[in-house]
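In this note's numbering, the protein residues as written are 131 to 260.
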């Protein structure tokens, strides 16, 4: 049942976005406004933020040419914030996604769909590396 829910969610991408991956569509809908369409930190709201959004195209470069997949996943998910790390301007997408996903798929199914959305998004960000 959970696998079916994930497949249904991924297949429900808007018609205009059908030529792009689910991760790219999610990125455009959730991230590009701050990080920019190409992930360089130059989105339309970037200048309005107190802290500039990260250039997501250089994550591997800054990590000895290794894409920090699980760090990216954790940052996107954001539900496990360490209090000593201070405030974060970036929305807690794990919580944002989970609310809507649980309404649509219930507690267990919603968590599975949220996890898959974050995986798809992290995988897309990996494709942006220079």
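C-beta atoms are modelled at their ideal positions from N, C-alpha and C, and glycine is treated no differently.
Just so you know, these numbers come straight off a predicted model, no measurement behind them.
7 Å Cβ shell around residue 202 - same chain, five flanking residues per side excluded
Excluding sequence neighbours, residue 202 sits near 189, 252 and 255.
Taking only the alpha-carbon atoms, compute the straight-line gap between residue 221 and residue 151 and give it to the nearest angstrom.
The alpha-carbon of residue 221 is positioned some 22 Å away from that of residue 151.
With distance defined between alpha-carbon atoms, name the residue in 194, 175 and 246 nearest to residue 206.
Of the candidates 194, 175 and 246, the one whose C-alpha sits nearest the C-alpha of residue 206 is 246.
Have a look at 250, 191 and 179 and flag the residue whose alpha-carbon is nearest the alpha-carbon of residue 217.
Of the candidates 250, 191 and 179, the one whose C-alpha sits nearest the C-alpha of residue 217 is 179.
Quick check on residue 157: does DSSP put it in helix, strand or coil?
Helix, per DSSP.
Rounded to whole angstroms, what is the Cα-Cα separation between residue 149 and residue 225?
Using only the alpha carbons, I get a separation of about 28 Å.
Measure the beta-carbon distance from residue 171 to residue 163 and round it to whole angstroms, keeping in mind my assumption that it falls under 8 Å.
Not really, about 12 Å apart at Cβ, beyond 8 Å.
Flag this pair as yes or no: are the beta carbons of residue 210 and residue 186 separated by less than 8 Å?
Taking a C-beta distance under 8 Å as the contact criterion, residue 210 and residue 186 do not qualify as a contact pair.
Who are the Cβ neighbours of residue 250 in its own chain at under 8 Å, not counting the five residues just before and after it?
Hits under 8 Å: 140, 151, 152, 153 and 156.
Do residue 239 and residue 228 count as a contact pair if the criterion is CB distance below 8 Å?
It is not a contact, given that the beta carbons lie outside the stated cut-off.
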